[in-house]
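Note that the protein sequences, when read in sequence, are chains A and B. Mapping to our numbering: the first sequence position 35 is 35, numbers consecutive. Mapping to our numbering: the second sequence position 46 is 158, numbers consecutive.
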Amino acid sequence: GENVEQHPSTLSVQEGDSAVIKCTYSDSASNYFPWYKQELGKRPQLIIDIRSNVGEKKDQRIAVTLNKTAKHFSLHITETQPEDSAVYFCAADKSGNTPLVFGKGTRLSVIA
Amino acid sequence: DTGVSQDPRHKITKRGQNVTFRCDPISEHNRLYWYRQTLGQGPEFLTYFQNEAQLEKSRLLSDRFSAERPKGSFSTLEIQRTEQGDSAMYLCASSSTGGGTGELFFGEGSRLTVL
Chain A
1 GENVEQHPST LSVQEGDSAV IKCTYSDSAS NYFPWYKQEL GKRPQLIIDI
51 RSNVGEKKDQ RIAVTLNKTA KHFSLHITET QPEDSAVYFC AADKSGNTPL
101 VFGKGTRLSV IA
Chain B
113 DTGVSQDPRH KITKRGQNVT FRCDPISEHN RLYWYRQTLG QGPEFLTYFQ
163 NEAQLEKSRL LSDRFSAERP KGSFSTLEIQ RTEQGDSAMY LCASSSTGGG
213 TGELFFGEGS RLTVL
């Protein structure tokens with residue numbers, strides 16, 4: 001089955017700096033890669049996703065890149081703000097044909 | 113609120129007791145998922161339904177766990193003879209296969225503490 005590895009487990013950045021979180025996956029048939037944000041005590045919520053037919057997707061200050069050959073994808077957050085502090089999870093699946101498999105999460109702290 | 117709702121939000125029980133959690137998905141969603149999350153970990157898949165059919169169960173789901181979605185709407189997750197290792201947050205999520213993005217919408221979770 002699919003295995004998703006996520007790094008780093010914790011990340012601290014100064015407000016205004018960029019943050020990058022990286023994930024690798026094992027199943028080359030996976031083609032859907034979402035990122036979820038979970039604030040303390042709250043439910044995970046989708047912030048951005050990418051499908052295998054594109055290499056990059058942006059939404060304001062967040063972007064995701066995908067390298068299918070290397071089987072890795074990354075989340076980029078620019079101009080970080082304190083409200084970006086949360087745990088971020090990457091995930092992978094085969095376009096809804098299998099359940100999402102999540103990474104272990106990255107705890108991002110943005111220091112004002 | 114038309115989001116995913118879970119009940120109860122917190123449950124404290126003694127080892128060996130049975131517990132049941134309920135999930136009400138977003139009404140038009142045909143898929144319903146159960147995940148388990150422990151501290152410092154990502155959600156781990158347990159099982160999922162499409163309408164009333166249970167399509168897949170994880171190997172994590174021992175015989176003590178059973179899930180149902182009898183009418184294709186709400187779902188229940190029962191844990192029999194609870195063990196301390198069952199202590200976790202049980203997350204329910206729903207999604208639609210009807211031309212949507214496949215996004216999972218999570219509930220707030222049911223936190224189980226087994227003493």
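All C-beta atoms in this analysis are idealised placements derived from N, C-alpha and C, irrespective of residue type, glycine included.
Beta-bridge partners of residue i, as assigned by DSSP
{"i": "ALA165 of chain B", "result": "B:GLN162"}
{"i": "GLN45 of chain A", "result": "A:LYS37"}
{"i": "LEU224 of chain B", "result": "B:LYS123 and B:ALA200"}
{"i": "ARG107 of chain A", "result": "A:THR10 and A:VAL87"}
{"i": "ASP136 of chain B", "result": "B:SER117"}
{"i": "THR65 of chain A", "result": "A:GLU56 and A:SER74"}
{"i": "LYS22 of chain A", "result": "A:HIS7 and A:SER74"}
{"i": "ARG51 of chain A", "result": "A:TYR32"}
{"i": "ASP17 of chain A", "result": "None, per the DSSP bridge assignment."}
Assigned secondary structure, residue i (DSSP; H/G/I helix, E/B strand, else coil)
{"i": "GLU195 of chain B", "result": "coil"}
{"i": "GLU236 of chain B", "result": "The structure shown does not extend to residue 236 of chain B, since chain B is modelled only from 113 to 227, so the question has no answer here."}
{"i": "GLU190 of chain B", "result": "strand"}
Sequence-distant residues of its chain with Cβ nearer than 7 Å to residue i (five each side left out)
{"i": "ILE138 of chain B", "result": "THR114, GLY115, VAL116, SER206 and PHE217"}
{"i": "TYR202 of chain B", "result": "PHE133, TRP146, ARG148, LEU189, GLY221, SER222 and LEU224"}
{"i": "ASP198 of chain B", "result": "ILE191, LEU224 and VAL226"}
{"i": "ASP84 of chain A", "result": "ILE77, LEU108 and VAL110"}
{"i": "GLN81 of chain A", "result": "GLU15 and VAL110"}
{"i": "LYS57 of chain A", "result": "ILE48, ILE50, ALA63 and VAL64"}
{"i": "LYS126 of chain B", "result": "LEU227"}
{"i": "SER185 of chain B", "result": "none"}
{"i": "GLU195 of chain B", "result": "ARG127 and VAL226"}
{"i": "GLY154 of chain B", "result": "none"}
{"i": "ASP59 of chain A", "result": "ILE48"}
Close-in-space but distant-in-sequence residues of the same chain around residue i (CB under 6 Å, 5 per side omitted)
{"i": "LEU75 of chain A", "result": "ILE21, TRP35 and VAL64"}
{"i": "ASN130 of chain B", "result": "GLN192"}
{"i": "SER18 of chain A", "result": "THR78"}
{"i": "LEU46 of chain A", "result": "PRO34 and TYR36"}
{"i": "GLY55 of chain A", "result": "LEU66"}
{"i": "THR10 of chain A", "result": "ARG107"}
{"i": "SER52 of chain A", "result": "ASN31 and LYS68"}
Neighbourhood of residue i by C-beta distance below 8 Å, restricted to the same chain and skipping five residues each side
{"i": "SER187 of chain B", "result": "ARG134, CYS135, PRO137, LEU144, TRP146, PHE161, ALA179, GLU180, ARG181 and CYS204"}
{"i": "ALA91 of chain A", "result": "VAL4, PHE33, PRO34, TRP35, TYR36, LEU100, VAL101, PHE102 and GLY103"}
{"i": "LYS94 of chain A", "result": "ASP27, ALA29, SER30, ASN31 and TYR32"}
{"i": "GLU2 of chain A", "result": "TYR25, SER26, ASP27, SER30, ALA92, ASP93, THR98 and VAL101"}
{"i": "GLN38 of chain A", "result": "PRO44, GLN45, ALA86, VAL87, TYR88, PHE89 and GLY105"}
{"i": "LEU172 of chain B", "result": "ARG148, GLU156, PHE157 and LEU158"}
Below 8 Å, how does it come out for the segment 172-179 of chain B and the segment 115-125 of chain B: are there three or more Cβ pairs, yes or no? They do not touch, by the three-pair rule.
Problem - Three or more C-beta pairs below 8 Å linking the segment 158-177 of chain B and the segment 67-85 of chain A - result: Fewer than three beta-carbon pairs drawn from the segment 158-177 of chain B and the segment 67-85 of chain A are found closer than 8 Å, and the two stretches are therefore not classed as touching.
Mind listing which residues of the segment 170-189 of chain B have their C-beta closer than 7 Å to chain A's C-betas, in chain order?
Listed by position along the chain: nothing, the set is empty.
So if I threshold CB-CB distances at 9 Å, which residues from the segment 45-78 of chain A count as touching chain B?
Closer than 9 Å at the C-beta level to chain B, one finds these residues of the segment 45-78 of chain A: GLN45, LEU46 and ASP49.
Original post:
Which residues, in order along the segment 79-97 of chain A, keep a beta-carbon less than 9 Å from a beta-carbon of chain B?
Top reply: Taking 9 Å as the Cβ-Cβ cut-off, the segment 79-97 of chain A approaches chain B at VAL87, PHE89, CYS90, ALA91, ASP93, SER95 and GLY96, given in chain order.
Q. Listed in chain order, which residues of the segment 130-157 of chain B have Cβ atoms closer than 9 Å to some Cβ of chain A?
A. Cβ proximity to chain A below 9 Å picks out ARG143, TYR145, TYR147, GLN149, GLY152, GLN153, GLY154, PRO155, GLU156 and PHE157 from the segment 130-157 of chain B.
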